[in-house]
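For reference, the structure is listed below as structure tokens.
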Amino acid sequence: MMKKMSLALALTSALLVAPLSWAQSISATTQDPVYQLDDKLVLGRVESVYYSDIPELKAVPFIGKIDTGADTTSMHAENIHVSSSHPDYQNLKDNELLWAIVDDLGGTKAKWDADTFKPYQVKVSFTVPHPYTGKEIQITDDLERVSAIRSRTSKKPILRPTIKMPMTIAGHTVDTEVNLTKRTQFSSPILIGKTYLDNNAWVFAGYDYLQEQPSAKMIGKKETVEVEGVPYKISISTTSRYTNVHALDIKVDKKNNAVSFTLEGENGKRHPMTLPLVRMLKTTKSERPLVYLPVKIDENETQRWLVYLRDRSKFSSQIRLGQDVASQHFVIDTDRENLLGGVEKTFKSALKSKPLVISPEEQVTIDGYTVPAYPTFTVKTPLLRVNGFEVTEKGKDESVTFYLMNDEGKEEKITKPVVKKLKVGSTVRPVVDGDFLFGSKETSMEFALDVLDEDETQPFFVFGHDIAKGGVLLNTRADHLLDARPLFKAGHIEVAEVEGMSFPVKLDTGADVSSINAKDIKRFQKDGKDMVSFTYENDLGMTKAFTREVVDVMRITAKKGEKANERPVVEMHVKLGELEKKIRVNLQDRGRFHYSMILGKNFLKHGAVVSSDTNYIVTQKPDYEK
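Counting in our numbering, the sequence shown runs from 115 upward without gaps.
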């Protein structure tokens with residue numbers, strides 16, 4: 115078990131928030147999570163999944179999205195074929211065969227058990243492309259059952275062949291029912307659903323790669339690694355999800371699923387490479403090829419990083435490390451350099467020096483004013499960037515005046531005595547004292563002031579390296595780590611309070627944003643704002659009309675054969691047990707579902723550790739549901 119983390123500010127260590135009073139609270143927080151609970155794994159929202167029974171792939175980690183809302187587990191497969199040796203069905207193949215069997219059994223709503231499909235003597239063959247070599251791994255297995263997947267755009271379900279396959283996460287292997295489908299439009303080739311999770315794992319959606327954290331290595335803000343003998347310099351991105359790597363002469367062969375390119379190291383050394391194309395990634399400028407690049411981080415270890423290729427000739431680093439790869443392998447020291455390649459330093463050992471551990475996105479409260487807060491790789495003194503400031507002298511004393519926004523969105527004037535001044539290049543930064551609130555921890559400390567850059571509009575705080583004796587470490591697996599909230603057990607179904615109404619909701623770790631049933635959705639403009647009116651209703655007879663500002667629009671990736679759709683997003687108050695948050699909720703017609711709302715990651719990340727096999731842990735099951 116990993117040593118517990120704390121804020122560990124220079125003056126004193128943090129006191130964690132007192133545990134919740136209800137019975138299902140856990141002795142852990144969002145900042146200091148658990149990895150096992152009740153003899154079951156606690157999985158993050160994304161984990162590394164291994165096909166432990168396929169010799170060619172058993173050492174290859176595949177990205178798995180962990181989804182308590184998915185009834186079945188699904189995996190990416192190609193060349194999927196279904197055949198039968200039964201005399202009545204041997205002339206049928208693939209989807210035609212599946213429908214013939216389902217119809218013979220009474221349709222998709224009929225009840226099936228483990229032995230239902232055996233008499234049909236069905237075999238399933240398919241291939242899985244090796245992500246490192248491109249070789250098609252051929253697999254043949256017995257049909258376990260047929261999965262009927264409900265479609266958003268059609269009343270007729272989609273049929274998928276389902277087999278049993280051992281899958282391993284964090285050393286825990288489960289013989290899992292898996293349906294086969296093409297998942298090239300999704301970022302994860304595996305979707306882990308209830309057929310793995312039930313009785314085997316809890317899910318905490320606040321982390322990606324939670325199970326990788328105990329073994330995470332430390333990486334510096336600058337590093338040099340080797341790719342095929344070519345030295346590549348690394349810099350860190352605090353905002354990008356994907357890692358991008360310098361390459362020249364990039365040629366994508368979509369027909370053969372291959373990418374050829376030339377490495378160019380920081381010393382000018384070049385080396386040609388060809389790797390399998392994982393998929394094309396849409397970036398702000400164009401589509402880029404994603405490949406698994408072999409990166410030698412020290413003499414004994416080469417890791418495969420999922421990266422996209424681009425020309426980085428104008429930059430000083432050849433690799434820009436994104437959050438996905440960082441979360442899979444590392445925690446970042448924001449001040450030190452070149453931690454790889456020498457004596458291995460782990461995150462666990464780094465915690466002994468009592469660093470401040472932060473995420474890429476935080477909030478701090480300074481003298482009652484709340485501002486966003488971010489890591490830095492350059493600044494030593496804690497720093498507040500503001501729209502402007504004015505220093506005035508009165509005798510020997512100096513004071514500085516600046517403005518911050520209050521909770522009502524109005525700017526307020528703040529004047530403080532200048533403690534000292536820091537000269538940074540050609541600029542002078544006044545240093546002042548302030549009372550800080552980091553999550554639940556209060557402390558006073560000095561911080562410097564500087565002016566926002568031209569492209570920056572909102573004041574923000576920067577975690578200078580001197581804020582803690584042990585420095586500042588960046589953990590990309592979660593957000594708002596300083597706002598440590600108690601973890602609590604929650605069922606897959608619970609009763610939530612939503613805008614004055616109480617009704618059963620589904621806790622869905624696979625959803626980024628929560629979603630609610632909405633009828634008569636009408637968008638309009640009012641006072642220059644994008645607005646929406648809609649009516650909430652459920653099959654219990656509850657109904658309520660709303661008019662809200664549209665704060666975003668979501669474009670939902672569709673399953674194969676379906677159309678993508680757009681949903682307006684509004685803000686709503688949601689309460690589950692003692693967790694109450696104002697969250698973003700997308701609007702959609704969920705009339706065909708019994709559960710009129712799903713709570714996604716944006717609510718669950720605040721402490722809900724979700725069971726996929728148990729309902730009503732936090733709340734009581736209503737009589738009308740019994």
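No residue lacks a Cβ here, since even glycine has one placed at the ideal position from N, Cα and C.
If you're wondering where the values come from, they're calculated on a predicted model, not measured in any experiment.
Check: Through-space distance from R297 to I599, alpha-carbon basis; Outcome: Sequence check: residue 599 is Arg here, not Ile. In a straight line, the C-alpha of R599 is about 35 angstroms away from that of R297.
Check: Alpha-carbon to alpha-carbon, D564 and I712; Outcome: 43 angstroms
Check: Rounded straight-line distance, which links the Cα of D547 to that of T529; Outcome: 11 angstroms
Check: Environment of K534 [buried if 16+ CB atoms lie within 10 Å]; Outcome: exposed
Check: Nearest-angstrom beta carbon gap, V405 and V421 [assumed within contact, 8 angstroms]; Outcome: 6 angstroms
Check: Of the listed residues V724, A262, I180 and S162, nearest to A173 (C-alpha basis); Outcome: S162
Check: Burial state of N414 (16 or more Cβ within 10 Å); Outcome: exposed
Check: Reference Y246, options V409, M332, A142 and D185, closest by Cα; Outcome: V409
Check: Exposure of A659, with buried meaning 16 or more beta-carbon neighbours within 10 Å; Outcome: exposed
Check: Simplified DSSP assignment, three categories, for Y738; Outcome: helix
Check: Alpha-carbon spacing of D289 relative to W213, whole angstroms; Outcome: 26 angstroms
Check: Pick from K269, K179 and E613 that is closest to R698, judged by C-alpha positions; Outcome: E613
Check: 7 angstroms Cβ cutoff met for Q477 and A464; Outcome: no
Check: Buried versus exposed call for T143 [16 or more other C-beta atoms within 10 Å across all chains shown]; Outcome: buried
Check: DSSP-derived helix/strand/coil call for D217; Outcome: helix
Check: Cβ pair count under 8 angstroms reaching 3, the region 188 to 199 against the region 229 to 245; Outcome: yes
Check: Of the residues Y164, D181, D481 and T460, the one placed nearest I724, counting alpha carbons only; Outcome: In the sequence as presented, Ile is not what sits at residue 724; that position holds Val. Closest by alpha carbon: D181.
Check: Runs of alpha helix (DSSP H) lying entirely within the region 194 to 252, each at least 4 residues, in chain order; Outcome: 208 to 218
Check: Cβ contact (3+ pairs, closer than 8 angstroms) linking the region 602 to 609 and the region 727 to 734; Outcome: yes
Check: DSSP state of P147 mapped onto helix, strand, coil; Outcome: coil
Check: Residues near H594 by beta carbon distance below 7 angstroms, same chain, minus five either side; Outcome: S473, E475, E476 and Q477
Check: Distance, H200 Cα to K207 Cα; Outcome: 12 angstroms
Check: Collapsed DSSP secondary structure at A191 in the structure displayed; Outcome: coil
Check: Close Cβ partners of G382 (< 6 angstroms) along its chain, the five nearest in sequence each way excluded; Outcome: none
Check: Own chain, CB closer than 6 angstroms to S135, minus 5 neighbours either side, in chain order; Outcome: The predicted model places S135 with a pLDDT of 38, which falls under 50 and marks its position as unreliable; any figure quoted below should be read in that light. Correct list: empty, nothing qualifies.
Check: Endpoints, beta strand (DSSP E) assigned at S647; Outcome: K643 to E651
Check: Inter-residue Cα distance where the pair is M668 and K636; Outcome: 16 angstroms
Check: Inter-residue Cα distance where the pair is T448 and G714; Outcome: 31 angstroms
Check: Rounded C-alpha distance that separates D526 from G502; Outcome: Per the sequence shown, the amino acid found at residue 526 is Glu instead of Asp. If I take the Cα positions, the gap works out to 13 angstroms.
Check: Backbone secondary structure at Y164 - three-state DSSP; Outcome: strand
Check: Those residues which DSSP pairs with N679 across a bridge; Outcome: I670
Check: Under 7 angstroms between C-beta atoms of S349 and S431; Outcome: yes
Check: Backbone CA spacing between L690 and E522 [nearest angstrom]; Outcome: 26 angstroms
Check: D363 to K347 span [Cα, whole Å]; Outcome: 20 angstroms
Check: Secondary structure, beta strand (DSSP E): runs of 3+ residues fully inside the region 483 to 526; Outcome: 483 to 489, 497 to 500, 503 to 508 and 511 to 519
Check: Contact check, K696 vs E685, beta carbons under 7 angstroms; Outcome: yes
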